[in-house]
Structure formats: structure tokens, C-alpha cells
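J.: Chains as they are written, first to last, in my numbering: chain A, 378 to 616; chain B, 1048 to 1367.
We put the CB at the ideal spot given by N, CA and C, even for glycine.
Supplied in C-alpha cells, the structure appears directly below.
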Amino acid sequence: MHILEGEGVTKFFGGLAAVANVDFHIDQGEIAGLIGPNGSGKTTLFNLISAALVPKPGVIRFKGENITGKKPHQICRMGVARTFQTVKVFANMPVIENVRLGSLFGTSTGTSSADAAREATQLLEFVGLSAVSATPARDLTLANQKRLEVARALATKPELLLLDELMAGLNPTEVAQAMELVTRIRDEGITIFMIEHVMKAIMSVCDRIMVLHHGEKIAEGTPKEIATSKKVIEVYLGE
Amino acid sequence: MNTTALTSKRFLVPGLLLVIFIALATLPLYGSLYTVILLTAILMYIIITVSWVMFSGPTGYISLASAAFFGVGIYTSAILLPNTGAVLPLLAVVVLGGFISFILALLIGALTLRLRGIYFAIFTFGLLVLLQQLLLYWEIEITGTRGRYIILIDNDVIFYIMLAIFAVLMLTVYFIRRSKFGLALQSIGENEEAAAHIGVNTTIVKVITFAISAFFMGAAGAIIATRWTYIDPYIAFNPLFSFLPVLMAIFGGMGQLYGPVIGAAVFAYLEETLLTKFPYYYMLLFGIILVVVILYLPNGVVGLVQKLWRRISGGQRAHT
Chain A
378 MHILEGEGVT KFFGGLAAVA NVDFHIDQGE IAGLIGPNGS GKTTLFNLIS
428 AALVPKPGVI RFKGENITGK KPHQICRMGV ARTFQTVKVF ANMPVIENVR
478 LGSLFGTSTG TSSADAAREA TQLLEFVGLS AVSATPARDL TLANQKRLEV
528 ARALATKPEL LLLDELMAGL NPTEVAQAME LVTRIRDEGI TIFMIEHVMK
578 AIMSVCDRIM VLHHGEKIAE GTPKEIATSK KVIEVYLGE
Chain B
1048 MNTTALTSKR FLVPGLLLVI FIALATLPLY GSLYTVILLT AILMYIIITV
1098 SWVMFSGPTG YISLASAAFF GVGIYTSAIL LPNTGAVLPL LAVVVLGGFI
1148 SFILALLIGA LTLRLRGIYF AIFTFGLLVL LQQLLLYWEI EITGTRGRYI
1198 ILIDNDVIFY IMLAIFAVLM LTVYFIRRSK FGLALQSIGE NEEAAAHIGV
1248 NTTIVKVITF AISAFFMGAA GAIIATRWTY IDPYIAFNPL FSFLPVLMAI
1298 FGGMGQLYGP VIGAAVFAYL EETLLTKFPY YYMLLFGIIL VVVILYLPNG
1348 VVGLVQKLWR RISGGQRAHT
């Protein structure tokens, strides 16, 4: 079943089509990857899905329901959470408070204060940040801030999680830990759509990969198909 | 010993607040008329400052519309409490003044809170000038009145109404800070985009807080107008009241709930004393004090006191 579908999704910035007529779908329970050179429209596509931007024209459906034109907080409460390429943690709040906020506001039913605190503690354990739960988020390392964003996103109880360059800027050990975290999230039954530049990571965890170039989708397939696709190699390495 | 220390600490703050409140509430019984009038003015400054901090503190949106909301309250009184005879009871006018400011802030907020930083600040200031000029036009061209006189109200009554507004405001701020709503407000100031993407309805939270803060400014304006007795658009919409709350909040320090309260109180008292003691140099002295505070006390007067306190209590601990 398609948990997320896009039809003819387009976004112009002035005269430039950042995302041009892209059709895509994400299947329930998979880890889907999105790659492409810098400026190819990957983050713009994420912004369109999470409603930071509105596609024009184009339609995006989540679990069959048209979500085009909804507000970001509505999208979140429907079950689509995201992290950011440049981390956007609540820097002056303690780590646990960051996660508790997701829990308090991220669901359509609302969560009691006690439940939110309990969930936040569990999630910090899940991502491995229990030891720093009282630290202000600004004092964490980049890798830990990225994990914090994942925990905060998970606190909103998503069915689909958008990860925007979770591994960028991390050292090899941290990349391995992040990959392990991604698979553990999938094992919890959450569908993942991730943008990544670290090829080793995306090739090994993804079930399916889409490639964007100048805002257009130029290829789609299993990691193996993508790695051997002539078109993709041309885009990345030049002709 | 430990438990007594804990209970005494738990009762210390509410107890102290109660004592201050009772002292204020009984002031007209033992204080001179001058003290009552001075404290009315100080309370008014505190109300405007705390209302400003309620919204601009956590969100980081610098509003310069305070004087507009304050002025709407003043003008509500000017129209409904003319010296020819009150149209509505005093209390109703005060609430109405607040309510009209509330509605105005809802409209303005919905329209402008997508602007950030300097654009928001300038727009809110523009709103003040627009309202001032619109009223001036309306008074001159349509009603044919340049200024309005307001009925005389007993100074004690003015003081008590101001005190009541202050008490309700402090309770409101206290409960907002402790609530889920306050947390949402804080998250907007930390990172608005992230807040929206974890399910916070940022528009609603911002607009409602902006409107609540405007309510208290409007109510304070409505009651202080009866002290001023003569009102015209330039008096009602004086830009000074847009900048003073910002200055007072910085002066006191915005980190704690009582920072702006103490800042506004000291600031207002200082202004009054300098004005009476040094009528010719008061602006100069006042300016110097402000510059020193902004340069050397980034966390305001309260920040300085906290630092000194930590040094003293830390010193005690070192001795034992």
C-alpha cells in the first residue's frame, strides 16, 4: 500500500523549477532513499511533503487523503514527522524538554503531561541520549543533536518519518550508529523516507532509491539498479 | 531541619507576595495622596512592561504596538467617560478598553505575525502612527473636537482598579508560563519552523498571546486616562509607550517573571525622583543610567542581584 503519493509535484522559485513535475510514492514499511547532486531539489521536495512549502501545481496524498495545502502542524498530527538538514533543535531547552514538546503537541488526540514525560524518557533511551537528558540542547555534539531531532520527531508518533541528511557531517562511527538507528525505527513499524549523501549508508539501508536531478526524477529502483544506472553515474560523475 | 528549610522555602515566596499585595491593597489607608498617585503610575508601567514581555519575551517578536493598544484603552475612556457624564460605568469602560485592544491585536496579529524581525517591529510601529493619525483626522474632520475631557475619578479608585489589573495580569502570566501553552510559546521563540513541524499551531499561539497582552495594555490605558483627564490623539498614542516597555524589560532583565516587574518599578521610580530632584538634568542622568545598564548588565538589574546573591551564598557555603 502506498502510504505517501505525489502526482505532478512542482515548485517554482521565481523562474526556476526547484521540483518539476515529480511523481513518487512511498510504500508502507519501507525505507526509501532520495539522492541527487546539491541543488537538485531534495530538501524542497521534503518541504513540500511536510507543508513548509505548497506545491503548485501538484497533489500530495498521505494514506489516500489529499494533504496539499494543509499547515505543517496538521501534517505532523496526521502522522508525518521530519528532521532538518541544518539542525533545528530548541537550543536553550533541556534535551528531554525538546522531546516532551513533540509528545505534547504532535498527536491529534493530545497527550497528558505525565505521559509525555514518560514517552520522552523512553525515546531518549531509544536513541541513546538518556545520559544527557537534562543538558541544554545547544551543548550537544552535532551527532547528538541529530539524534535529538529524531527522538523529537518520533515523539509525535509518526507513521512516516522524513530524515533530511541525518548522516551529513558525522564521523564513520557515528554514521554506523545512525544507520543502525534507522533500521531500528523501521523495525518499530515506521516508514522512512530519507535524503542522504553518504552513499554507503543509503545503499545499504534503503529498499528503494529515487534520484533527483535539476528538480526532475531521473531514476528509481533498488540500490543495485541505481548503482549501475548509466544515467545516475552520468549525473554524479559527468559524462 | 531539612524539611523545615524546604517548607519555609515553599511558603516564603507566596507569603512574601501576599504581604506585598496586602501592603499595596491597604496603601490608601496609610499612604499619602502623592504615594497613591506615584504607585498608580508605577503599576501602570509594570502592567505595560509585563504585558509586552508576555508576548515578546518568549517569542522574540519585538512589538512596538504597545502604545497603540494602550492608546486604544485611553481613547475608549475619552469617548465613553466624557466630563459631561459617563456613558457606561467605569469598570465596564476599563474592560471594554481592554477588549477593543484585544480584538485589534487579533486582527493585526493574524495579518502581520508572518513578518519576522525588524519588519514586524516596524509594522507594529507603523500601526501606532496610523491609528494616531486616523483618530486625529476623525476628530478634526468629523467630530470637530481636538481634545476631550474625562470625568474626575477618585484617586483611590483609580489605584485599586490598576492594582486589580496588575493582579490579574500576574496570575495570567504565571499560569501561561506553567502551562502547555507557555511551552508552545517558548518553542516558537527557540525555533518557529521546528515548532510548527512538531505539531504546534504557531499562528494561533502567537495571535492569542499577542491579543491577551494587548488586553492588559488597553485596560491600563482606559483607567489611567481618568487620571490624565485631558486626552487628544497625540497624548493617547504617544510613541514613548512603545519604547518604554522594551527599555524597562531590558533594564530589569527578562529571564525571570519578576525581572520586568522590578525593572519597571525601579525605572518608573527613578524617572519620578530624577524629574523632581534634577528637573534640568533628569533626561541626561536617565540616559547615562540606561547606557550603563545596557552595556554592563546584559541580564538587567535582576541579573546583577542574582549574580551578587550567588556570590554571597556561594561564599557562605565555602565557609562551612
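Is T1273(B) near the ligand COA, with its Cβ less than 8 Å from a heavy atom?
T.: Here there are no bound small molecules, and the ligand COA is not part of this structure.
J.: Can you list the residues of chain B that M470(A) reaches, using a CB-CB cut of under 8 Å?
T.: Within chain B, the residues near M470(A) are Q1233, S1234, E1237.
J.: Return the CA-CA distance between E602(A) and C583(A), expressed in angstroms with no decimal places.
T.: Rounded to whole angstroms, E602(A) to C583(A) spans 12 Å at the Cα level.
J.: Grab me the residues of R529(A)'s own chain with a C-beta within less than 6 Å of its C-beta, minus the 5 sequence neighbours each way, in chain order.
T.: So the list reads N475, V476, G479, once near-sequence residues are dropped.
J.: So is T599(A) buried or exposed if we call it buried at 16+ other beta carbons inside 10 Å?
T.: That one is exposed.
J.: Alpha helix (DSSP H) containing F390(A): first to last residue?
T.: Taken as a continuous stretch (DSSP letters only), F390(A) belongs to no alpha helix (DSSP H), being part of the beta strand (DSSP E) at 379–390.
J.: 9 Å is my cut-off, CB to CB: does S427(A) come that close to chain B?
T.: Interface residue, yes.
J.: List, in order along the chain, the chain B residues whose C-beta lies closer than 8 Å to that of G479(A)?
T.: Within 8 Å Cβ-Cβ: I1245, G1246.
J.: Is there a Cβ of chain A sitting closer than 9 Å to that of L1162(B), yes or no?
T.: It does not: the Cβ of L1162(B) has no partner Cβ on chain A nearer than 9 Å.
J.: Distance, Cα to Cα, I1067(B) vs S1260(B)?
T.: For I1067(B) and S1260(B), the distance between alpha carbons rounds to 24 Å.
J.: Under 9 Å between C-beta atoms, does L1230(B) make it to chain A?
T.: With 9 Å as the cut-off, L1230(B) counts as an interface residue toward chain A.
J.: Which stretch, first to last residue, makes up the beta strand (DSSP E) that contains T568(A)?
T.: Run containing T568(A): 568–572, per the beta strand (DSSP E) assignment.
J.: On the premise that F1314(B) lies in contact with Y1092(B), defined as a C-beta separation below 8 Å, what is that separation, rounded to the nearest angstrom?
T.: Their Cβ separation, rounded to whole angstroms, is 7 Å, which keeps Y1092(B) and F1314(B) in contact under 8 Å.
J.: What are the boundary residues of the alpha helix (DSSP H) that M1295(B) is part of?
T.: Its alpha helix (DSSP H) spans residues 1287–1299.
J.: Measure the alpha-carbon distance for V1322(B) versus F1298(B) and round it to whole angstroms.
T.: A quick correction: the sequence has Leu, not Val, at residue 1322(B). Near 18 Å, if we compare the C-alpha coordinates of F1298(B) and L1322(B).
J.: Of all the options L1064(B), F1333(B), T1087(B), E1319(B), which has the alpha carbon lying nearest to the alpha carbon of D1201(B)?
T.: The option with the nearest alpha carbon to D1201(B) is T1087(B).
J.: Would you please verify whether the beta carbon of I452(A) is less than 9 Å from any beta carbon of chain B?
T.: Yes, I452(A) lies at the interface with chain B (some Cβ there is under 9 Å from its Cβ).
J.: Consult DSSP for R1358(B) and reduce its assignment to one of helix, strand or coil.
T.: DSSP places R1358(B) in helix when its eight states are reduced to three.
J.: Could you tell me the distance, in whole angstroms, from the CA atom of L1158(B) to the CA atom of F1167(B)?
T.: For L1158(B) and F1167(B), the distance between alpha carbons rounds to 11 Å.
J.: Would you grab the beta carbon distance between M571(A) and G410(A) for me? Rounded to a whole angstrom, and I think it's under 8 Å.
T.: Contact holds; Cβ gap of about 6 Å.
J.: Would the beta-carbon of L1160(B) fall within 9 Å of that of F1257(B)?
T.: Cβ distance < 9 Å, so L1160(B) and F1257(B) count as in contact.
J.: Let me see if you follow: with CB-CB separation under 9 Å, is K1227(B) close to chain A or not?
T.: Chain A contact via Cβ: present.
J.: Is N521(A) helix, strand or coil when you go by DSSP?
T.: Helix.
J.: Whether or not the region 1134–1149 of chain B and the region 1327–1337 of chain B are in contact is what I'm after, with contact meaning three or more pairs of Cβ atoms, one per stretch, closer than 8 Å; do they touch?
T.: These segments do not touch.
J.: Distance, Cα to Cα, R1364(B) vs L1154(B)?
T.: Only weak support exists for where R1364(B) lies, its pLDDT of 48 falling under 50; the coordinates are left without a value.
J.: Using 8 Å as the cut-off, can you tell me whether the region 481–492 of chain A makes contact with the region 560–570 of chain A, which would need three or more C-beta pairs spanning the two stretches below that distance?
T.: Judged by Cβ distances under 8 Å, the region 481–492 of chain A makes no contact with the region 560–570 of chain A, as fewer than three pairs qualify.
J.: Sorted by chain position, which residues of the same chain lie with C-beta nearer than 8 Å to P449(A)'s C-beta, five sequence neighbours on each side aside?
T.: Cβ neighbours of P449(A) beyond the five flanking positions: S427, A428, A429.
J.: Can you pull out the residues from the region 408–423 of chain A whose beta carbon lies closer than 8 Å to at least one beta carbon of chain B?
T.: The residues in question: there are none.
J.: Who are the near neighbours of T512(A) in its chain, counting only those whose CB is closer than 6 Å to its CB and skipping five residues on each side?
T.: Taken in chain order, the residues that qualify are V472.
J.: Comparing C-alpha positions only, which one of V1220(B), F1206(B), I1197(B), T1249(B) sits nearest to S1079(B)?
T.: The candidate whose alpha carbon is nearest that of S1079(B) is F1206(B).
J.: Of all the options L1218(B), P1129(B), L1151(B), which has the alpha carbon lying nearest to the alpha carbon of L1199(B)?
T.: Cα-wise, what sits closest to L1199(B) is P1129(B).
J.: Output yes if chain B places a C-beta closer than 9 Å to the C-beta of A491(A); else output no.
T.: Chain B, which has no Cβ nearer than 9 Å to the Cβ of A491(A), makes this no.
J.: Are the region 444–463 of chain A and the region 533–547 of chain A touching, with three or more C-beta to C-beta distances below 8 Å?
T.: Enough Cβ pairs lie closer than 8 Å, so yes.
J.: Please name the residue or residues paired with K594(A) in a DSSP beta bridge.
T.: Answer is L589(A), bridged to K594(A).
J.: Is any beta-carbon of chain A found at less than 9 Å from that of T1106(B)?
T.: Chain A contact via Cβ: absent.
J.: I need the boundaries of the beta strand (DSSP E) containing R459(A), first residue and last residue.
T.: First-last of the beta strand (DSSP E) with R459(A): 457–459.
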